[in-house]
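Engineer:
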Amino acid sequence: MSRIAKYPIALPKGVDVNLAGGDIAVKGPLGTIARPADPNVEVKKDGEQLVCKALGNSRHANAMSGTMRALVANMVAGVTKGFERRLSLVGVGFRAQAQGDKLNLSLGFSHPVVHQMPKGVKVATPTQTEIVITGIDKQLVGQVAAEVRAHRSPEPYKGKGVRYLGEVIVLKETKKK
Numbered sequence: 008m009s010r011i012a013k014y015p016i017a018l019p020k021g022v023d024v025n026l027a028g029g030d031i032a033v034k035g036p037l038g039t040i041a042r043p044a045d046p047n048v049e050v051k052k053d054g055e056q057l058v059c060k061a062l063g064n065s066r067h068a069n070a071m072s073g074t075m076r077a078l079v080a081n082m083v084a085g086v087t088k089g090f091e092r093r094l095s096l097v098g099v100g101f102r103a104q105a106q107g108d109k110l111n112l113s114l115g116f117s118h119p120v121v122h123q124m125p126k127g128v129k130v131a132t133p134t135q136t137e138i139v140i141t142g143i144d145k146q147l148v149g150q151v152a153a154e155v156r157a158h159r160s161p162e163p164y165k166g167k168g169v170r171y172l173g174e175v176i177v178l179k180e181t182k183k184k
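Read in order, the letters of the sequence shown correspond to residues 8 to 184 in our numbering.
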């Protein structure tokens, strides 16, 4: 059995789990999130804990039991605390402004870049060069952060662009004559 799947998932107060119809739905103070369950993994509620167990003895079932345990644990963490990704803009004149569910970016292009946020993801800009993306779905928050970064990823000579907060960019040496 997967070593990850051996650990049960503790359910905090105020979190309700529905295991019906091949889907796992987790409801908490921040919202509701659902995902289909893998047919090779049995997820069952044991008091105030969730336990994931592989059905069968195959390598795939063993691997998916650990994966499902991690996904369900992220769902529980998402509806209780939520997830966030922070981005910073590095470059002269690079700015970001959140307007509702849109993010307006000035990234040195001849036109402004407008990024539409999907449902379930919120964006905030505490300063003009900082972006905070929050939501209850860890995968969706990371995907949106990657899409925003892809508009102008950091270049290797000056390091200008959109980067994750704390990301280290290894700069190349410029050409010598």
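For glycine and all other residues, C-beta sits at the position ideal for the given N, C-alpha and C.
Just to confirm the assignment, what range does the beta strand (DSSP E) spanning V22 have?
Structural biologist: Taken as a continuous stretch (DSSP letters only), V22 belongs to no beta strand (DSSP E), as it is neither H nor E.
Engineer: Could you tell me the alpha carbon to alpha carbon distance between P15 and C59, rounded to whole angstroms?
Structural biologist: One C-alpha to the other measures close to 7 angstroms.
Engineer: Tell me whether the beta-carbon of I140 lies closer than 8 angstroms to the beta-carbon of A153.
Structural biologist: No, the Cβ-Cβ distance between I140 and A153 is not below 8 angstroms.
Engineer: Spell out a yes or no on whether the region 119 to 128 and the region 45 to 61 are touching, meaning 3 or more CB-CB pairs, one atom from each, closer than 8 angstroms.
Structural biologist: No: the two stretches stay apart, fewer than three of their Cβ pairs being nearer than 8 angstroms.
Engineer: Counting only the same chain and skipping the five closest in sequence on each side, list residues whose C-beta sits under 7 angstroms from that of G127.
Structural biologist: Result list for G127: G142, I143, D144 and L147, in chain order.
Engineer: Restricting to Cα atoms, I'd like to know which of A17, P125, G98 and G100 is closest to K109.
Structural biologist: For K109, the nearest C-alpha among the options comes from P125.
Engineer: On a CA-only basis, which of L178, G100, P163 and L94 is nearest V130? Give me that one, please.
Structural biologist: Comparing Cα positions, the closest option is L94.
Engineer: Cutting at 8 angstroms between CB atoms, please list the residues of its own chain near T136, excluding the five before and the five after it.
Structural biologist: Within the same chain, T136 has close Cβ partners S95, L96, V97, F101, R102 and A103.
Engineer: For D53, which beta-bridge partners are listed by DSSP?
Structural biologist: DSSP output for D53 lists Q56 as bridge partner(s).
Engineer: Pop quiz: V50 and M71 are said to be a contact at Cβ under 8 angstroms. What is the actual Cβ separation, rounded to whole angstroms?
Structural biologist: Rounded, the Cβ-Cβ distance is 11 angstroms, inconsistent with contact.
Engineer: Examine the Cβ distances between the region 38 to 48 and the region 78 to 91 and report whether three or more of them are shorter than 8 angstroms.
Structural biologist: Yes: at least three Cβ pairs fall under 8 angstroms.
Engineer: In the structure shown, what three-state DSSP assignment does V272 receive?
Structural biologist: Here the chain has residues from 8 to 184 only, and residue 272 is not among them.
Engineer: Reducing DSSP to helix, strand and coil, say where E180 ends up.
Structural biologist: Note: E180 maps to coil in three-state DSSP.
Engineer: Taking just the CA atoms, how far does G149 sit from F90?
Structural biologist: Distance between the alpha carbons of F90 and G149: 9 angstroms.
Engineer: Jot down the residue ranges of each uninterrupted beta strand (DSSP E) in the region 74 to 152, minimum 3 residues, whole runs only, in chain order.
Structural biologist: For the region 74 to 152, whole beta strand (DSSP E) runs of length 3 or above, ordered along the chain, are 90 to 97, 102 to 106, 109 to 113, 120 to 123, 128 to 131 and 137 to 142.
Engineer: Excluding the five sequence neighbours on either side, which residues of its own chain have a C-beta within less than 6 angstroms of the C-beta of N25, listed in chain order?
Structural biologist: So the qualifying residues of the chain are A32.
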